[in-house]
Amino acid sequence: MFLAKIKGNLVSSQKNYNLVKHKLLITHQIDIEGRLVSNKDIISLDLIDAGIGDTVIVVQEGDAVQQILGNKTTPVNTMIVAIIDNIEIKE
Amino acid sequence: MFLAKIKGNLVSSQKNYNLVKHKLLITHQIDIEGRLVSNKDIISLDLIDAGIGDTVIVVQEGDAVQQILGNKTTPVNTMIVAIIDNIEIKE
Amino acid sequence: MFLAKIKGNLVSSQKNYNLVKHKLLITHQIDIEGRLVSNKDIISLDLIDAGIGDTVIVVQEGDAVQQILGNKTTPVNTMIVAIIDNIEIKE
Amino acid sequence: MFLAKIKGNLVSSQKNYNLVKHKLLITHQIDIEGRLVSNKDIISLDLIDAGIGDTVIVVQEGDAVQQILGNKTTPVNTMIVAIIDNIEIKE
Amino acid sequence: MFLAKIKGNLVSSQKNYNLVKHKLLITHQIDIEGRLVSNKDIISLDLIDAGIGDTVIVVQEGDAVQQILGNKTTPVNTMIVAIIDNIEIKE
Numbered sequence: 001m002f003l004a005k006i007k008g009n010l011v012s013s014q015k016n017y018n019l020v021k022h023k024l025l026i027t028h029q030i031d032i033e034g035r036l037v038s039n040k041d042i043i044s045l046d047l048i049d050a051g052i053g054d055t056v057i058v059v060q061e062g063d064a065v066q067q068i069l070g071n072k073t074t075p076v077n078t079m080i081v082a083i084i085d086n087i088e089i090k091e
Numbered sequence: 092m093f094l095a096k097i098k099g100n101l102v103s104s105q106k107n108y109n110l111v112k113h114k115l116l117i118t119h120q121i122d123i124e125g126r127l128v129s130n131k132d133i134i135s136l137d138l139i140d141a142g143i144g145d146t147v148i149v150v151q152e153g154d155a156v157q158q159i160l161g162n163k164t165t166p167v168n169t170m171i172v173a174i175i176d177n178i179e180i181k182e
Numbered sequence: 183m184f185l186a187k188i189k190g191n192l193v194s195s196q197k198n199y200n201l202v203k204h205k206l207l208i209t210h211q212i213d214i215e216g217r218l219v220s221n222k223d224i225i226s227l228d229l230i231d232a233g234i235g236d237t238v239i240v241v242q243e244g245d246a247v248q249q250i251l252g253n254k255t256t257p258v259n260t261m262i263v264a265i266i267d268n269i270e271i272k273e
Numbered sequence: 274m275f276l277a278k279i280k281g282n283l284v285s286s287q288k289n290y291n292l293v294k295h296k297l298l299i300t301h302q303i304d305i306e307g308r309l310v311s312n313k314d315i316i317s318l319d320l321i322d323a324g325i326g327d328t329v330i331v332v333q334e335g336d337a338v339q340q341i342l343g344n345k346t347t348p349v350n351t352m353i354v355a356i357i358d359n360i361e362i363k364e
Numbered sequence: 365m366f367l368a369k370i371k372g373n374l375v376s377s378q379k380n381y382n383l384v385k386h387k388l389l390i391t392h393q394i395d396i397e398g399r400l401v402s403n404k405d406i407i408s409l410d411l412i413d414a415g416i417g418d419t420v421i422v423v424q425e426g427d428a429v430q431q432i433l434g435n436k437t438t439p440v441n442t443m444i445v446a447i448i449d450n451i452e453i454k455e
């Protein structure tokens, strides 16, 4: 699980039918000070109605997302599970 | 899940019997501007009738592909699940 | 599974409902001499009441955490499973 | 899933009993032109009677191999699933 | 799956109760000539009574270890499954 910022979204007309009703967002991994860790474009399913610019937690895990969507054939394994308000660090 | 471009396909006469009827494509990871991220050759099962040159979403996840194919013994964990028409980015 | 030190915690008001009652900590991977291996911020679910500064074992594995929490829809795959007291090395 | 070339095999007298009857091969990842990508030694279970020097597809996926072997306790997650005859690339 | 050498063991008094009776060892990945590939400290559950200095196969796979231990809530995904006596390479 890692921190990420939401950068954009994807438009697709031809996709697996299990993905038709779901929003897919482009996320970039960041560190706890908000700096970009990598500009690898990670595509994530949105589970919590997040928007562009939000700081979120991204999880890479297949089984849970399929259980949440109630459909074992949804071919997705990356999802946004929380929006972060604050980070407390002890140096 | 990541963006990729389809580059070629593989011909194999000796393979696990669960793979016999499926198309295996070579994909390269790209970024949201279409630039190559890595020239690692990622072999992906085609679930949506994609063709060479298409921009697609690739998912690495074993359980879902086996559920979709209705066969728990298919030894595959990488699949093409959507063709991308457009990408919307907010800078 | 790897060694890590706990660095901080995350505050989130909008998250998947399965995560509401759980503590999420920020961990950094270390080596057996306590040196930082990477400053990648790894978000981990706390299973053993660990605190900031502790040396712990972090496991990345989805199924077990869902079984432990008794809930197959908890979207989590990284957890803290032990606090380390001592490390014995034979050179 | 990736392309690999088979380099050697392993001899072990003390191993988990589920592994006793299976052949374990050393594979090296290659690209579509047959060049070495990494000299990381990846240990793979042979499912299709491949031999040293063959170009093969390697899959890293735990569930399928256990289903194929009919044994949920076989501690293996890397397998050789096809021998490649030809690769078609469109530049 | 990869080759590793066992370097040490971990002592922990506060851990998840499923881990209480199991031996956790520190392993380092090596190549087929016995050279260190990475000094990343990988923590592995011992399934075959291996000792410090042994050359072993390490597997990263959650489901199998939980089936072997007969306990779906054991939070472990890395295990030692074989001790290597000999490696045969064809150049």
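Chains as they are written, first to last, in my numbering: chain A, 1 to 91; chain B, 92 to 182; chain C, 183 to 273; chain D, 274 to 364; chain E, 365 to 455.
Ideal Cβ placement from N, Cα and C applies to all residues, glycine included.
Query: Taking the straight line between their C-alpha atoms, what separation do you get for Ile-370/E and Ile-412/E?; Result: 13 angstroms
Query: Using DSSP's beta-bridge definition, name the partner residues of Leu-138/B.; Result: In DSSP, Leu-138/B forms no bridge with anything.
Query: Less than 8 angstroms between the C-beta atoms of Met-170/B and Leu-136/B, yes or no?; Result: yes
Query: My understanding is that Ile-68/A touches Gly-190/C, with C-beta atoms under 8 angstroms, so please give their C-beta distance in whole angstroms.; Result: Actually they are not in contact, since the Cβ atoms of Ile-68/A and Gly-190/C sit about 27 angstroms apart, beyond 8 angstroms.
Query: Just verifying my parser: in three-state terms, what is the DSSP assignment at Ile-159/B?; Result: helix
Query: Could you pull out every residue in the same chain whose Cβ sits closer than 7 angstroms to the Cβ of Asn-403/E, ignoring the five residues on either side in sequence?; Result: His-392
Query: Measuring straight from C-alpha to C-alpha, what distance separates Ile-26/A and Asp-449/E?; Result: 48 angstroms
Query: Run through DSSP, which three-state label would Asn-18/A get?; Result: helix
Query: When Cβ atoms are compared, which residues of the region 373-394 of chain E fall closer than 7 angstroms to chain C?; Result: Asn-373, Leu-374, Val-375, Ser-376, Ser-377, Gln-378, Lys-379, Asn-380, Leu-383 and Ile-390
Query: Below 7 angstroms CB to CB, which residues in the same chain sit around Val-354/D once its five sequence neighbours on both sides are set aside?; Result: Leu-320, Ile-321, Ile-330 and Val-332
Query: Please report the distance separating the alpha-carbon of Val-440/E from that of Lys-15/A.; Result: 36 angstroms
Query: Consult DSSP for Glu-124/B and reduce its assignment to one of helix, strand or coil.; Result: coil
Query: Output needed for Ile-83/A: all residues of its chain with C-beta closer than 6 angstroms, excluding positions within five of it in sequence on either side, in chain order.; Result: Ala-50, Asp-54 and Val-56
Query: So Ile-134/B and Leu-101/B are supposed to be a Cβ contact under 8 angstroms. How far apart are they, rounded?; Result: 7 angstroms
Query: Is the Cβ of Thr-73/A closer than 8 angstroms to any Cβ of chain B?; Result: yes
Query: Please classify Gly-281/D: does DSSP put it in a helix, a strand, or coil?; Result: strand
Query: Does DSSP classify Thr-146/B as helix, strand or coil?; Result: strand
Query: Just the C-alpha distance for Ile-360/D and Ile-305/D, rounded to the nearest angstrom, thanks.; Result: 7 angstroms
Query: Rounded to whole angstroms, what's the CA-CA distance from Thr-256/C to Glu-425/E? Just pull it up for me.; Result: 20 angstroms
Query: Just to make sure I have the definition right: I need the residues of chain D whose C-beta is within less than 7 angstroms of the C-beta of Val-423/E. Which are they?; Result: Pro-348, Val-349 and Asn-350
Query: Is there at least one Cβ from chain E nearer than 8 angstroms to Lys-313/D's Cβ?; Result: yes
Query: Counting contacts by CB-CB distance shorter than 8 angstroms, is Lys-187/C in contact with chain E?; Result: no
Query: Does the distance from the C-beta atom of Leu-400/E to that of Ile-394/E stay below 8 angstroms?; Result: yes
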